[in-house]
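To start, the structure itself, in structure tokens.
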Amino acid sequence: MDTTQHDMDMTQHNMDTAQHDMDTAQHGMDTTQHGMDTTQHDMDTTQHDMDTTQHDMDTAQHDMDTTQHDMDTAQHDMDTTQHGMDTTQHGMDTTQHDMDTAQHGMDTTQHDMDTTQH
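The numbers in the UniProt record's numbering rise by one with no breaks, and the one at position 99 of the sequence shown is 99.
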């Protein structure tokens with residue numbers, strides 16, 4: 001009877017040990033899953049940060065392109081204004097030349113009149 005009780009106690013002990021081992025294994029698996037979930041979360045966060053950085057870089061490039069376009073437009077406007085100023089100067093020079101020619105004609109006429117009068 002004592003041997004049978006001892007065998008039953010040993011069997012119960014072995015079953016308890018097996019349950020403990022299974023619980024320990026489950027805990028290890030749960031811990032591993034938690035680590036994997038944390039790693040996935042970290043990877044997702046890193047990808048989000050990379051996407052945000054790319055967006056910021058794209059925005060900066062767009063701003064640089066816009067600034068270059070504005071600078072090109074300003075240069076074009078300056079060139080157009082310079083062309084207008086050059087054209088105006090040419091017109092003024094032509095007018096001065098015409099006035100000088102008219103004055104020369106008047107001087108010649110006056111000289112002819114003086115010669116005739118004399």
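Glycine is no exception: its CB is placed at the ideal position from the N, C-alpha and C atoms.
Out of curiosity, what's the CA-to-CA distance linking residue i and residue j?
i           : j           : result
residue 68  : residue 53  : 22 Å
residue 55  : residue 81  : 39 Å
residue 71  : residue 64  : 10 Å
residue 34  : residue 4   : 44 Å
residue 50  : residue 38  : 18 Å
residue 111 : residue 118 : 10 Å
residue 18  : residue 25  : 10 Å
residue 62  : residue 87  : 37 Å
residue 47  : residue 29  : 27 Å
residue 7   : residue 15  : 12 Å
residue 113 : residue 96  : 25 Å
Residues in the same chain with beta-carbon distance under 6 Å from residue i, minus the five sequence neighbours each way, listed in chain order, please.
i          : result
residue 11 : none
Within its chain, find whatever has a CB closer than 8 Å to the CB of residue i; leave out the 5 residues flanking it on each side and keep chain order.
i          : result
residue 22 : none
residue 43 : none
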